[in-house]
Every structure is written in C-alpha cells, then in structure tokens.
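**Student:** Residue numbers (my numbering): 6 to 291.
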C-alpha cells in the first residue's frame with residue numbers, strides 16, 4: 006500500500022478529530038455515563054446470551070462466517086505451524102485476545118481451533134456468564150480460555166505486544182472513542198500480528214435495515230442496541246489503523262438474512278463489514 010504525505014496528514018487529522026470529539030470510550034478505565042449505559046444494556050441480556058433462538062441469535066449465526074475469516078486470515082499471514090494446517094486445531098500455538106467478548110460466543114469457537122484465547126469485557130454479568138458456560142458446557146476448553154473483566158487500556162499494561170492476533174467483533178458500533186480503543190488494542194499485538202474487526206457501516210441503508218427494521222419492526226435485536234453516531238465507515242477505520250502502522254489487507258462486506266438467521270459475504274460494504282489489518286514490523290515503519 007502506497008502512503009503519500011497528504012494521505013498521512015489526512016489520517017492524522019482524522020485520528021485527532023475522533024479523539025477530540027469523543028469522551029472516554031468503552032476501552033477506558035474512566036467510564037462515562039454513556040459507556041456505563043452500553044455495558045448495562047448488554048449485561049441485561051447475559052442470561053440469554055447462549056440461547057441460539059434468543060436475542061443473540063444473530064451473533065450465534067455470525068460465527069458461521071467470522072470464525073473462518075479469522076482462521077483463514079491468520080493462516081494466510083504464514084504465522085501458523087505447517088503441521089497444524091488442514092487440521093481441526095489449525096490455530097494451535099496462537100495467542101489471541103478478544104476485546105468485548107461478551108459471554109464468550111466467539112471466544113470458545115476460536116479456542117476449539119486450538120488457540121489460547123483471552124476474552125475481556127467491561128460487563129461483570131457477561132464475564133460471569135462466560136465463565137459459567139465455559140466450566141459447565143465446555144470444560145475441555147478451560148485450559149485454553151481465560152476471561153477477565155477489565156478495560157483494554159488496563160489490560161495492555163501487562164500484555165504489551167503479547168498476542169498473535171486480536172479480535173474486535175461487533176464492538177466499535179458501541180464505542181465513543183474508537184481511536185483510544187484501537188490504539189490500546191494495537192499495543193497488545195505483536196508486530197506481524199493481525200487485528201480483525203467486524204462492525205456496521207455508517208450508511209442510510211444500514212440504519213434503515215439494521216436498526217429501524219431489525220430493532221423496531223422485527224425485534225431481531227433489543228431496541229436501543231445500536232446508535233447512528235457510533236457507526237463508522239470502513240475507510241475511516243482504515244485511516245485510524247494506518248496512523249498506528251497497521252496495514253489493511255482485507256475488507257469484506259456482509260449482510261444478514263433476518264428470516265433465515267444467516268450471514269453471507271457480499272461485494273458491498275454498505276451494510277456490515279469485516280476488516281483485517283496487520284501490524285507492521287519495525288523495519289516496515291521507517
């Protein structure tokens with residue numbers, strides 16, 4: 006990817022704009038009232054988080070495309086031991102952080118592929134539910150999964166450049182200060198490691214289809230789950246990551262079928278999207 010001076014200036018200005026416009030985000034130890042509201046909203050769903058036909062049905066279904074995306078993205082970077090490729094434990098030896106893990110729907114699936122996974126979240130009830138499900142229903146994964154209730158800016162203090170990959174899935178659309186969150190996330194990532202993001206695009210079709218129809222007409226998600234001002238376009242995410250020496254290598258558009266409770270990849274990013282970016286080695290940053 007060619008980075009000219011004007012693009013870097015625009016990227017830096019964008020990053021500063023996000024920082025100035027936002028308060029302390031979901032990833033901060035200093036939680037705003039809005040952050041607390043977001044956490045509480047999701048904690049209220051903790052008891053039904055693992056119900057595949059409950060309010061998290063779409064998240065359960067999302068695993069069908071996001072797990073392969075993360076798996077294949079890590080393999081494509083050449084960071085996986087060749088003896089594990091094409092096995093059910095393809096991610097063996099990989100250390101992964103999931104930021105905003107909720108009650109562990111994705112965390113456990115990544116661990117089933119052999120990875121050592123740490124899931125962090127601000128919701129006490131969510132982490133409690135995650136731990137209970139792990140011990141009661143997935144005990145065989147206990148040695149590969151660790152859950153912590155702590156913000157990312159605290160987690161990074163003891164985990165600087167520790168992880169081979171990190172995942173921020175269905176989180177950015179709930180966060181005010183995206184720059185602060187992503188900055189702390191990237192600091193936990195080893196050079197050469199990948200960050201995977203899935204979120205909603207800030208478009209009119211997304212608002213009408215995903216929020217108005219999804220929450221207020223079909224009741225697919227609880228009302229008040231998503232907010233227009235917190236959505237973000239993929240190009241803006243790329244620009245923020247670019248200022249952190251993370252090169253975007255993949256952007257996939259996705260869409261959700263309300264009737265069938267299924268997700269699929271599409272050519273357009275107008276609705277939802279997934280992004281993979283790679284943290285550059287020090288020599289690549291000069």
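Each residue gets a CB set at the ideal place from its N, CA and C atoms; glycine is no exception.
Starting from residue 169, trace the beta strand (DSSP E) both ways and give me its first and last residue.
**Tutor:** Along the chain shown, one-based indexing puts residue 169 at 164. 168-174 is the extent of the beta strand (DSSP E) around residue 169.
**Student:** Let me make sure I understand the geometry here. Which of 249, 92 and 52 has the alpha-carbon closest to that of residue 137?
**Tutor:** Indexing the chain shown from 1 puts residue 137 at position 132. For the residues 249, 92 and 52, the minimum Cα distance to residue 137 belongs to 52.
**Student:** Measuring CA to CA, which of 154, 44 and 214 is closest to residue 263?
**Tutor:** Position 258 of the chain shown, counting from 1, holds the residue named residue 263. If we check each option's Cα against that of residue 263, 214 comes out closest.
**Student:** Would you mind stating whether residue 78 and residue 281 have Cβ atoms separated by less than 7 Å?
**Tutor:** Within the chain shown, residue 78 is the residue found at index 73, counting from 1. Within the chain shown, residue 281 is the residue found at index 276, counting from 1. Taking 7 Å as the Cβ cut-off, residue 78 and residue 281 qualify as a contacting pair.
**Student:** Are residue 163 and residue 152 touching if we call contact CB-CB under 7 Å?
**Tutor:** The residue you call residue 163 lines up with position 158 of the chain shown. The residue you call residue 152 lines up with position 147 of the chain shown. No, they are not a contact pair.
**Student:** Assign residue 43 to one of two classes, buried (16 or more other C-beta atoms within 10 Å of its C-beta) or exposed (fewer than that).
**Tutor:** Taking the chain shown and counting its residues from 1, the one referred to as residue 43 is at position 38. Buried.
**Student:** Measuring CB to CB, does residue 150 end up less than 7 Å from residue 103?
**Tutor:** For the purposes of this step, residue 150 is identified with residue 145 of the chain shown, where counting begins at 1. For the purposes of this step, residue 103 is identified with residue 98 of the chain shown, where counting begins at 1. No, the pair does not count as a contact, with Cβ atoms beyond the cut-off.
**Student:** Just checking my contact of residue 80 with residue 90 at CB under 8 Å: how many whole Å lie between their CB atoms?
**Tutor:** Looking up residue 80 in the chain shown gives position 75. Looking up residue 90 in the chain shown gives position 85. Right, their Cβ atoms sit about 6 Å apart.
**Student:** To the nearest angstrom, how far is the alpha carbon of residue 180 from that of residue 83?
**Tutor:** Working through the chain shown from its first residue, we reach residue 180 at position 175. Working through the chain shown from its first residue, we reach residue 83 at position 78. If you take the alpha carbons of residue 180 and residue 83, they lie about 32 Å apart.
**Student:** Taking residue 67 as the reference, which of 286, 271 and 261 has the closest Cα?
**Tutor:** Numbered from its first residue, the chain shown carries residue 67 at position 62. The candidate whose alpha carbon is nearest that of residue 67 is 261.
**Student:** Comparing C-alpha positions only, which one of 230, 271, 248 and 273 sits nearest to residue 45?
**Tutor:** As a working mapping, residue 45 is identified with position 40 in the chain shown. When only C-alpha atoms are compared, the closest one is 230.
**Student:** Between the Cα of residue 198 and the Cα atoms of 175, 208 and 253, which residue gives the shortest distance?
**Tutor:** As a working mapping, residue 198 is identified with position 193 in the chain shown. Nearest C-alpha to residue 198: 253.
**Student:** Would you give the residue range spanned by the alpha helix (DSSP H) that residue 276 belongs to?
**Tutor:** Residue 276 sits at position 271 when you count from the first residue of the chain shown. No alpha helix (DSSP H) contains residue 276, which DSSP labels as neither H nor E.
**Student:** Residue 160 to residue 257, Cα distance in whole Å?
**Tutor:** For the purposes of this step, residue 160 is identified with residue 155 of the chain shown, where counting begins at 1. For the purposes of this step, residue 257 is identified with residue 252 of the chain shown, where counting begins at 1. Answer to the nearest angstrom: the Cα atoms are 29 Å apart.
**Student:** So for residue 155, helix, strand or coil by DSSP?
**Tutor:** The residue labelled residue 155 in the question sits at position 150 within the chain shown. Three-state DSSP puts residue 155 in coil, outside helix and strand.
**Student:** Who are the Cβ neighbours of residue 266 in its own chain at under 6 Å, not counting the five residues just before and after it?
**Tutor:** Counted from its first residue, the chain shown places residue 266 at position 261. Excluding residues within five positions, the ones whose Cβ falls inside 6 Å are 62 and 66.
**Student:** Can you check the region 84-127 for any alpha helix (DSSP H) of at least 4 residues that lies completely inside it and give the ranges in chain order?
**Tutor:** Those alpha helix (DSSP H) runs which fall completely within the region 84-127 and span 4+ residues are 110-117.
**Student:** Measure the CB-CB distance between residue 178 and residue 236 and report whether it falls below 7 Å.
**Tutor:** One-based indexing of the chain shown puts residue 178 at position 173. One-based indexing of the chain shown puts residue 236 at position 231. Cβ distance < 7 Å, so residue 178 and residue 236 count as in contact.
**Student:** Look at residue 101 and residue 170 and say whether their C-beta atoms are less than 7 Å apart.
**Tutor:** Against the chain shown, residue 101 aligns to sequence position 96. Against the chain shown, residue 170 aligns to sequence position 165. Yes, they are a contact pair.
**Student:** Assign residue 211 to buried or exposed, taking buried as 16 or more other Cβ atoms, counted over all protein chains shown, within 10 Å of its Cβ.
**Tutor:** In the chain shown, the residue the question calls residue 211 occupies position 206. With 16 or more other Cβ atoms within 10 Å, it is buried.
**Student:** What residue ranges within the region 227-265 form continuous alpha helix (DSSP H) runs of no fewer than 4 residues, ordered along the chain?
**Tutor:** Correct list: 239-247.
**Student:** Skipping 5 residues on each side, what residues in its chain have a beta carbon closer than 8 Å to that of residue 3?
**Tutor:** Given a span of 6 to 291 for the chain in the structure shown, any question on residue 3 remains unanswerable.
**Student:** In whole angstroms, what separates the C-alpha of residue 75 from that of residue 222?
**Tutor:** Sequence index remark: in the chain shown, residue 75 carries index 70 (1-based). Sequence index remark: in the chain shown, residue 222 carries index 217 (1-based). Approximately 32 Å, taken between the alpha carbons.
**Student:** Can you tell me the Cβ-Cβ gap for residue 196 and residue 285, rounded? I've got them flagged as a contact below 8 Å.
**Tutor:** What you label residue 196 is simply residue 191 of the chain shown in a count that begins at 1. What you label residue 285 is simply residue 280 of the chain shown in a count that begins at 1. Confirmed, Cβ separation roughly 7 Å.
**Student:** Can you tell me which of 120, 271, 95 and 105 puts its alpha carbon nearest to the alpha carbon of residue 168?
**Tutor:** By 1-based counting over the chain shown, the position of residue 168 is 163. Considering only alpha carbons, the answer is 120.
**Student:** Which same chain residues, not among the five before or five after residue 238, have their C-beta less than 6 Å away from its C-beta?
**Tutor:** Walking along the chain shown from the start, residue 238 turns up at place 233. Hits under 6 Å: 206 and 207.
**Student:** Which runs of the beta strand (DSSP E), 3 residues or longer, sit entirely within the region 36-88?
**Tutor:** For the region 36-88, not a single whole beta strand (DSSP E) run of length 3 or above is found.
**Student:** Note down the Cα distance separating residue 20 from residue 233, rounded to an integer number of angstroms.
**Tutor:** What you label residue 20 is simply residue 15 of the chain shown in a count that begins at 1. What you label residue 233 is simply residue 228 of the chain shown in a count that begins at 1. Low per-residue confidence applies at residue 20: pLDDT is 42, beneath 50, and the placement is therefore not dependable, though the value from the model is reported in the following sentence. Roughly 19 Å separates the two Cα atoms.
**Student:** Compare the Cα-Cα distances from residue 98 to each of 85, 107 and 249 and report the closest residue.
**Tutor:** Mapped onto the chain shown, residue 98 falls at position 93. Residue 98 has its Cα closest to that of 85, out of 85, 107 and 249.
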